[in-house]
Amino acid sequence: TSAFWTNGCHTTRASKRRGVMQHIAFEISCVPPKTTSQTKRVQVVNGRPRFFPSKEHSADCRMLETLLAPHQPDHPVLGPVELLIELTWPWRSSDLNTKAKREFAEQVGWIWNSSKPDADNVAKAFIDILSAMRFIEDDAKVVDLRITKYFGSHPGIRVSIEKALNDGGIGVLKTKEGGEWKGLTEV
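According to the working numbering, the residues represented by the sequence shown are 5 to 191, in order.
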């Protein structure tokens with residue numbers, strides 16, 4: 005991760021080119037929510053099931069909107085975007101229940117979170133909120149998505165939204181010719 009993510013700052017960094025928002029990055033110190041859009045409750049109305057967001061998910065969405073509000077740009081990042089979301093939950097007691105585990109946690113500072121919530125479900129809920137709050141113009145505009153989940157010493161959410169350019173930023177693409185993948189080709 006970059007120094008921006010590890011220096012503990014809580015400011016929004018944004019850049020514009022020709023008056024168009026190009027990049028937004030910020031960090032929020034909080035315990036990330038664990039509910040997702042997949043958390044539904046069901047009611048039967050006139051013999052038919054109706055699905056509604058759970059109360060917990062609705063509360064988590066309101067909390068995220070409140071936390072994101074200070075970082076909300078005047079204008080969304082337009083066009084295709086690259087989105088990076090890093091979520092760090094506090095250490096679980098099982099991560100620190102032995103001396104060896106505590107020493108490892110102090111030394112490394114984080115471990116992968118391979119438990120619930122699923123990364124794809126977290127991403128969908130988060131992207132929906134970013135779109136509704138106009139950080140991005142539409143959730144379909146996310147062309148490059150990276151979401152990472154950790155347990156660590158510094159719980160929080162880190163977000164980077166950047167206009168995706170066809171300037172070789174990713175650098176390579178696989179091409180398909182005659183039904184076979186022909187390796188990597190520069191953009």
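Glycine included, every Cβ here is placed at the ideal spot set by N, Cα and C.
query: Can you have a look at PHE97 and say buried or exposed, based on whether 16 or more other CB atoms are within 10 angstroms of its CB?; result: For the record, residue 97 in the displayed sequence is Ser; it is not Phe. The residue is exposed, with fewer than 16 neighbouring Cβ atoms inside 10 Å.
query: Starting from the C-beta of ALA123, find all residues in its chain whose C-beta is less than 7 angstroms away, skip the five residues before and the five after it, and write them out in chain order.; result: ILE151, LYS153
query: For ILE133, tell me which candidate among ALA168, ASP148, LEU71 has the shortest Cα-Cα distance.; result: LEU71
query: Using the three-state DSSP reduction, which class does SER62 fall into: helix, strand or coil?; result: helix
query: Should GLY51 go down as buried or exposed, given a rule of 16 or more other Cβ atoms within 10 Å for buried?; result: exposed
query: At which residues does the alpha helix (DSSP H) containing GLY106 begin and terminate?; result: Here residue 106 turns out to be Arg, not Gly, going by the sequence shown. Counting along the chain, the alpha helix (DSSP H) containing ARG106 begins and ends at 103-112.
query: CB SER33 to CB GLY113, shorter than 8 angstroms?; result: no
query: Report all residues from its chain with a CB closer than 6 angstroms to the CB of GLN76; omit the five preceding and five following residues, and keep chain order.; result: MET137
query: When the distance is taken between beta carbons, is ILE89 closer than 8 angstroms to ALA127?; result: yes
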